[in-house]
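Trainee: One structure is given below, represented as structure tokens, and several questions about it will come after.
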Amino acid sequence: ETGVTQTPRHLVMGMTNKKSLKCEQHLGHNAMYWYKQSAKKPLELMFVYNFKEQTENNSVPSRFSPECPNSSHLFLHLHTLQPEDSALYLCASSQESGRGANEQFFGPGTRLTVL
Amino acid sequence: AQSVTQLGSHVSVSEGALVLLRCNYSSSVPPYLFWYVQYPNQGLQLLLKYTSAATLVKGINGFEAEFKKSETSFHLTKPSAHMSDAAEYFCAVSDPGGGNKLTFGTGTQLKVEL
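Line by line, the protein sequences give chains Z and V. Mapping of the first sequence onto my numbering: residues 1 to 115, in sequence order. Mapping of the second sequence onto my numbering: residues 1001 to 1114, in sequence order.
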């Protein structure tokens, strides 16, 4: 595997389900990110992890729970979601996030549908 | 707070014609600026970035962008469009002193016609 991978690519879940999204980066980076991409809206930064420590939570509802066990893996645990949470969830990684010039590398995303 | 405005959510050009995608930013400090491209069912891929070196930045696939501080703009251009350029393009800005947080525009869908 190369770059940033995300699983699953597609997920359909009910509002009472619990599911997790997984992201893995094979680039030796130290920072990882979750973004939400909804139709006709700018990409929204959700969480940032730098050296496994959460450094940004962009006022994300608690029904989204991130986990970063190491610098290569990032999870997004989902529970009791709402239909408006349906979107493409993108994971990205970069060298440590202290410098704004570092390129972020994106995974292909997980298309989430909440029924 | 930073913001990015991309004028034109949809742009259509003929194959071989000039591509011009507009991006204006608002930032209290000289920012870093990025253009990303997203093909269907894929993540975002970096085309080019401006990080306070040369104001004319060349990227992949023949694209380039010019940072104009007086106009707070970072428009993306390509002299001759190819069918494979059809995709969605995103402009983004980050604050050099604010970590690596990107603020994205709403995107411009580029259509290339024969």
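The C-beta atom is built at its ideal place from N, Cα and C for all residues, glycine as well.
Quick one: give me the first and last residue of the beta strand (DSSP E) that Met13 of chain Z is part of.
Mentor: His10 to Met13 is the extent of the beta strand (DSSP E) around Met13 of chain Z.
Trainee: Measuring from the CB of Glu44 of chain Z, is there a heavy atom of the ligand FAD at a distance below 6 Å?
Mentor: Although the ligand FAD was asked about, the structure shown includes no ligands whatsoever.
Trainee: Opposite Met46 of chain Z in the DSSP bridges: which residues?
Mentor: Partner(s): none; Met46 of chain Z has no beta bridge.
Trainee: Flag Tyr1067 of chain V as yes if its beta-carbon sits less than 7 Å from any beta-carbon of chain Z, otherwise no.
Mentor: Inspection of the sequence shows that residue 1067 of chain V is occupied by Phe rather than by Tyr. Judged by the 7 Å Cβ criterion, Phe1067 of chain V is not in contact with chain Z.
Trainee: How is the beta strand (DSSP E) around Arg111 of chain Z delimited, first residue to last?
Mentor: Its beta strand (DSSP E) spans residues Thr110 to Val114.
Trainee: Does Lys41 of chain Z come out as helix, strand or coil in the three-state DSSP assignment?
Mentor: Looking at Lys41 of chain Z - three-state DSSP - the assignment turns out to be coil, as it is neither helix nor strand.
Trainee: Which bits of chain V does Ser94 of chain Z rub up against, with CB to CB less than 9 Å?
Mentor: Here the neighbours are Asn1100.
Trainee: With 7 Å set as the bound, which would you pick, yes or no: does the beta-carbon of Leu1044 of chain V sit closer than that to a beta-carbon of chain Z?
Mentor: It does: the Cβ of Leu1044 of chain V has a partner Cβ on chain Z nearer than 7 Å.
Trainee: Taking its Cβ as the centre, do 16 or more other Cβ atoms sit within 10 Å of Val1004 of chain V, making it buried, or is it exposed?
Mentor: The residue in question, Val1004 of chain V, is buried, as its Cβ has 16 or more Cβ neighbours within 10 Å.
Trainee: For the segment 55–86 of chain Z, which residues have a beta carbon sitting closer than 8 Å to at least one beta carbon of chain V?
Mentor: Within the segment 55–86 of chain Z, the residues whose Cβ lies closer than 8 Å to some Cβ of chain V are Thr55 and Glu56, listed in chain order.
Trainee: Using a Cβ-Cβ distance under 7 Å, would Thr1072 of chain V count as near chain Z?
Mentor: Cβ-Cβ to chain Z under 7 Å: no for Thr1072 of chain V.
Trainee: Any contact of the segment 1014–1034 of chain V with the segment 1059–1074 of chain V, i.e. 3+ C-beta pairs under 8 Å?
Mentor: Counting Cβ pairs under 8 Å, three or more are found: they touch.
Trainee: Please report the residue range of the beta strand (DSSP E) in which Tyr89 of chain Z lies.
Mentor: From DSSP, the beta strand (DSSP E) with Tyr89 of chain Z extends over Ala87 to Ser94.
Trainee: With which residues is Pro66 of chain Z paired in a DSSP beta bridge?
Mentor: Pro66 of chain Z pairs with Z:Leu76.
Trainee: Taking Cβ-Cβ distances shorter than 8 Å, what residues in chain V pair up with Val114 of chain Z?
Mentor: By Cβ distance, chain V contributes nothing, its closest Cβ being about 20 Å from Val114 of chain Z, past 8 Å.
Trainee: Are the beta-carbon atoms of Met32 of chain Z and Leu90 of chain Z separated by less than 7 Å?
Mentor: It is not a contact, given that the beta carbons lie outside the stated cut-off.
Trainee: Which residues in the same chain as Ser1012 of chain V place their Cβ atom closer than 7 Å to its Cβ, once the five residues preceding and following it in sequence are excluded?
Mentor: Lys1111 and Glu1113.
Trainee: For the putative contact between Ala1087 of chain V and Phe1034 of chain V, defined by C-beta atoms under 8 Å, what is the C-beta separation to the nearest angstrom?
Mentor: About 15 Å; that fails the 8 Å criterion.
Trainee: Below 8 Å on the Cβ atoms is my guess for Ser86 of chain Z versus Thr113 of chain Z; work out the distance and round it to an integer in Å.
Mentor: Indeed they touch by this definition, with Cβ atoms about 5 Å apart.
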